[in-house]
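So the numbering used here is basically just the index in the sequence shown, starting at one, shifted up by 662. Ideal Cβ placement from N, Cα and C applies to all residues, glycine included. Since the structure comes first, as structure tokens, the remarks are kept for the end.
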Amino acid sequence: MVSSTKKRTTKKNLVIVESPTKAQTIERYLGRNYRVVASKGHIRDLPKSKMGVDIENSFKPEYISIRGKGPVIKDLKKEAAKAKQVYLASDPDREGEAIAWHVSHILGLKETDKNRVVFNEITKDTVKEAFKNPRQINMNLVDAQQARRVLDRIVGYSISPILWRKVKKGLSAGRVQSVALKLIIDRQNEIDKFVPEEYWTIEANFKKDRKTFIGEFYGVGGKKKKLSNDQDVKEVITKLDKKKEFNVTDVKKRQTRKNPNPAFTTSTLQQVANRKLNFHTKKTMMLAQQLYEGVNLGGKTGHAGLITYMRTDSVRVSPTAVEESHKFILDKYGKEYVGSRVAKNNKKEKVQDAHEAIRPSSVLRTPQSLKDILSRDQLRLYTLIWDRFVASQMSAAVYDTMSTNVEQNDVQFQVKGSKLVFPGFTKVYKDSDSKNDGELPDLKTGDKVTLSKLSPAQHFTQPPAKYTEASLVKALEENGVGRPSTFSPIIDTLQKRYYVKLNAKRFEPTDLGKIVNNIIEEFFPEIVNIGFTADIETNLDNVEQGINDWVSLVDKFYQKFEPEVDNADKKIEKIEFKFELVGDNCPECGAPLVYKMGRYGKFIACSRFPDCRYTKAVVKEIGMTCPVCHEGEVIEKHTKRNRLFYGCSRYPKCEFMSWDKPVPRNCPNCDHFLVEKKVKNTLQVVCPNGDYAEEVQK
């Protein structure tokens, strides 16, 4: 008897992630019984055409399918219908939890199903382990994300229309964005009001046994003395006898240890990448996402995630990663370089501690081993993350330090020096704030030293520095405004709306930004109150932890906010922009030309707009003929990111450009044109070829 059997198709488990790149990697890790597809981010959101929040019905969000996501949703439903089990493996944060919830709703899955899978790194062992312990969707996380989304929608869709009617179309106001704008404007106001004060310093070059060292003037008679003017300096110098020896007193020698910083959080990565690599926060997060999702390493390894999840406020590191790093350090550097300290979180209330610090998924994947696989910028960011993590697991750097006084006729100079005796973590990673005061000769109390040179210098107190991307991120984090994952889009929005601009890597508010800030400060004071905004973040964290109810949180905010909206709409007067005449007529219709304010600053337009649409960019000459073609004028220009540079007015016929401002003089050594450049906070005129430099006299 011959029996025939039909080949039965085994149903596969369906896994839904956010990114197609992650889908490929995870499918290979899980094997043939799994099918992994991507939702490509959110598939449902609030509508763009209206507020989309039913205020009368407990602030219920009116979600709709995102335009363009129809084919994705259709494919997800098709795959889910034939799947044995559906798993939701979007990113391990509030946003990822919300995406999983929306997908679950679209597919008609039960909220009680244990189908949510999370992992902090995309490695084979971590992913497979995560699928052994699926859980239900965490509605506290979803509610915290919904609360933020609803609050921001209420603020944005209530204030923005007022700005459109009263100021100009295309403006927006955001709950956290408005605080960031106020920080920048407040800092600019501090700078504008700042009155510099004169002060002097005296630097002394001393010599002992042919070794020279430097002392800074401290005071007279054992008391610190402030040098306010040149007369104070003369009084000090007249007390000194340059031919007479100076006495060494109060020598203090000790050994100090400098411990490494912990591995990166989202905020510290953004700050250091901006400072060291000159990356904008948006670029840093984009590259970090790519490293997290992974690259094809070839061979048996194939595609692998290179770092842990990049949205975190924790410095915690898993015991497995610590053990692997310690073994690596032991093998490469030796036992004395293995650290014994365990990085601990600064356990503030605003630290969620949901994920590990940002670290390599395997410390054995050194930057050197990836240099032919990663792009230049991916490698630079990975190297920064790898170095910082490895250094965080190493021993402290040890310094021999010495401090002493050198005095004569009751005039004291302070002398400080240090010598690195054991590099520790600095073998791998040097912080930008690491200082080495220089090695001193072996000084003892009672020694005699001679003076070789006195250098008095006039200074003026400096105003607080304008915010850079790094310092703005630091200020937002320290004030508890927003969350690290929101910093990048906040900064991006401020620039897109032309509320601020970057000039020499520092933020400056525009006139438009000041107008918007003044309106919000006057009519919506709580929106720009740092303490109030920080409290909302704390309350959102409480929603995540199940302590607060999200509807009550939104309602409490709205009860105060609604009367402010009504009051603002009634009392804000229409702002009429007075157009400044250019002093020339339109070449197309003959009407006067005027300056107008656009999204990217001032431009020239015809006063008969919209009947005549002639426009022209504002050109600012610096008063110098082009050093290349000798025909055009050197003018200020801006890149798409609003970075200032200098070019020829005859472009594209002449392609001269310079990031530094040219000056109408040539180098006395090589005849190349000179430029103004800041060198160590001092403005200098230098030759780009490095043949000449002079300090600019104020």
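Distance between residue j and residue i (C-alpha atoms, nearest Å)
i	j	result
L1255	A1267	6 Å
H1017	E1356	51 Å
I864	F1149	43 Å
K772	A685	23 Å
K1046	Y1220	Position check: residue 1046 holds Leu in this sequence, whereas Lys was assumed. For L1046 and Y1220, the distance between alpha carbons rounds to 43 Å.
V1347	R1168	21 Å
A762	L1082	52 Å
T974	Q932	12 Å
K1106	P858	40 Å
N1328	F1335	4 Å
C1251	K712	40 Å
P1324	D912	51 Å
A751	Q808	19 Å
G1352	F1318	19 Å
C1316	E1298	15 Å
S987	I784	18 Å
G1144	F1194	12 Å
E680	V698	10 Å
Buried/exposed call for residue i, threshold 16 Cβ in 10 Å
i	result
E1283	exposed
N1008	Only weak support exists for where N1008 lies, its pLDDT of 47 falling under 50; the value from the coordinates is given anyway. Under this definition N1008 is an exposed residue.
A1279	exposed
K1360	Residue confidence is low: K1360 scores 45 on pLDDT, short of 50, so the model does not pin down where it sits. No coordinate-derived value is stated.
Q798	exposed
K905	exposed
K668	For K668, the pLDDT reaches just 46, beneath the cut-off of 50, and the residue's location in the model is therefore unreliable, leaving the point undetermined.
T1344	exposed
W826	exposed
G1285	exposed
N1179	buried
G836	buried
K1110	exposed
T1412	Past the boundaries of the shown model lies residue 1412; the chain is included only from 663 to 1360, so the question cannot be answered.
G884	exposed
E1238	exposed
I1209	exposed
Residue i, DSSP secondary structure in three states
i	result
V957	strand
A1119	strand
N909	strand
Y749	strand
V1073	strand
Q1055	coil
A1355	strand
E1295	strand
P1029	helix
L641	Residue 641 falls outside the range modelled here, since the chain spans only 663 to 1360, and no answer is possible.
S976	coil
K1010	Only weak support is given to the placement of K1010: the predicted model assigns it a pLDDT of 47, under 50, and the value that follows is read from those uncertain coordinates. Of the three classes helix, strand and coil, the one that applies to K1010 here is coil, per DSSP.
S834	coil
I1085	For the sequence presented, residue 1085 should be read as Pro rather than Ile. Residue state, collapsed to three classes: coil.
D1062	strand
R706	strand
F926	strand
V857	coil
D716	strand
L902	coil
R916	strand
G1285	strand
T982	helix
L1174	helix
A1019	coil
S820	helix
H988	helix
K875	The question names Lys, but residue 875 is Phe in the sequence shown. Strand, per DSSP.
Residue-level contact to chain D via CB, residue i, 8 Å cutoff
i	result
P1171	No chain D is present in this structure, which holds just one protein chain.
Near the ligand FAD: residue i beta-carbon under 7 Å from a heavy atom
i	result
L1116	Among the ligands in the structure shown, none appear at all, so the ligand FAD cannot be discussed.
Evaluate contact between the stretch 907-927 and the stretch 1062-1076, counting only Cβ atoms and requiring at least three cross-stretch pairs below 8 Å. They touch, by the three-pair rule.
Unbroken stretches of the beta strand (DSSP E), 3 residues or longer, contained in the stretch 1194-1276: If only complete runs of 3 or more residues are kept, the stretch 1194-1276 shows the beta strand (DSSP E) at 1242-1247, 1254-1260 and 1263-1268, in order along the chain.
The stretch 835-846 contacting the stretch 1073-1088, beta-carbon criterion three pairs below 8 Å: At 8 Å Cβ cutoff, the stretches do not touch.
Would you call the stretch 1163-1182 in contact with the stretch 950-969, where contact means no fewer than 3 C-beta pairs closer than 8 Å? At 8 Å Cβ cutoff, the stretches do not touch.
Any chance you could list the beta strand (DSSP E) runs of at least 3 consecutive residues sitting entirely within the stretch 1312-1340, in chain order? Taking only runs of at least 3 residues, the beta strand (DSSP E) segments lying wholly in the stretch 1312-1340 are 1323-1328.
At a cut of 8 Å, does the stretch 728-738 reach the stretch 699-708 through at least three beta carbon pairs? Because the criterion of three Cβ pairs below 8 Å is met, the stretch 728-738 and the stretch 699-708 touch.
May I ask you to verify whether the stretch 1225-1240 touches the stretch 1174-1190, counting CB pairs closer than 8 Å and requiring at least 3? Contact annotation: the stretch 1225-1240 touches the stretch 1174-1190, with at least three C-beta pairs closer than 8 Å.
Count Cβ pairs between the stretch 976-992 and the stretch 1025-1036 that sit closer than 8 Å; are there 3 or more? Yes, the stretch 976-992 is in contact with the stretch 1025-1036.
Complete runs of the alpha helix (DSSP H) confined to the stretch 734-808 [at least 4 residues]: Runs of the alpha helix (DSSP H) lying entirely within the stretch 734-808, each at least 4 residues long, are 756-769 and 786-792 in chain order.
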